[in-house]
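So for the sequence shown, my numbering puts the first residue at 54; every next one is plus one.
Only one structure is covered here, and it is reproduced in the block below.
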Amino acid sequence: MGLDRIVCLANSYKHEHRCVAGIGLRSKKWVRLVGTQIPGCLTIKETCYPDAAPVELLDVFEAELGEPCGSNSHPEDVFILDKPWRPIRRFDQLEDLRFLSGYLNKGPSVLQGYGDRVYEKKVAGSPVAHSLEVLHPSDLWWWIRDEKGKRRNRAVFRLGSTYRIRYDFPVTDPVWLEKLHTRPVGIHSHSSFFEHTPKKTILTVSLSEPFEGFHYKLIAGVVNLPS
């Protein structure tokens, strides 16, 4: 596919590795980057710049893209070539935010449905149109649960101006999980994570690989936009 500049909108956990996704500024399309070492994933080293700094949300970086490797559940997947990523700039100008607004999910449904998962058999028989979306949630809360001694971190929010559908998705964004790990079990308002008025926040939602018969919808990126 060649060289592209990508605005990073997700750098999330995927098993013990990473999933990096964003929008190509030249292709104007979503891409989910796949390495050559771990099937369907990137190693942590592959998600870093030559100075070992990790790619962050809203970074624009340059990467050499190889052949598409999409599947029914992940049509955006593309191999990366074995060349270092090059940081370009931060995606934080007014025109950048206007660009992102053109990709926001404007409807009440998320990834073609109102639930938190999609049947694996359904996807196997009919490929999804896309497996990545950005949305602007309202009434956003963070629910930390203890299930048999293991913490579960969920984003609870509403979407849609008319129907106001309520969603409850697991979180896989490592940076935001670090913030959640400082809080006790319970439900926490999004505004409580900010000293002053919270910034506008958009969420990157990704469809998972199949797990126990389902593809789950995950919060792969919590993107706090500059004022």
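For every residue, glycine included, the Cβ atom is placed at its ideal position computed from N, Cα and C.
| Item | Value |
| --- | --- |
| Residues bridged to Thr257 (per DSSP) | Val187 and Gly274 |
| Meets three-Cβ-pair contact criterion under 8 angstroms: the region 124–133 and the region 255–264 | yes |
| Cβ contact (3+ pairs, closer than 8 angstroms) linking the region 162–178 and the region 103–116 | no |
| Contacts around Val275, its chain only, beta-carbon distance under 7 angstroms, and the 5 residues preceding and following it disregarded | Asp226, Trp229, Thr254 and Leu256 |
| Contact set for His189: own chain, Cβ-Cβ below 6 angstroms, skip 5 residues either direction | Leu157 and Ile255 |
| Straight-line gap, Leu278 to Tyr269 (C-alpha atoms, nearest Å) | 26 angstroms |
| Arg198 and Arg205 closer than 9 angstroms at C-beta | yes |
| Given 8 angstroms, three or more beta-carbon pairs between the region 172–184 and the region 141–154 | no |
| Within the region 58–94, ranges of the alpha helix (DSSP H) (whole runs, at least 4 residues) | none |
| Enclosing alpha helix (DSSP H) for Glu231 [first to last residue] | Pro227 to Leu233 |
| Cβ shell of Ser191 (< 6 angstroms), same chain only, five flanking positions each side left out | Arg211 |
| Paired residues, beta bridge with Cys101 - DSSP | Pro107 |
| Residue ranges of each alpha helix (DSSP H) within the region 99–182, 4 or longer | 147–154 and 173–178 |
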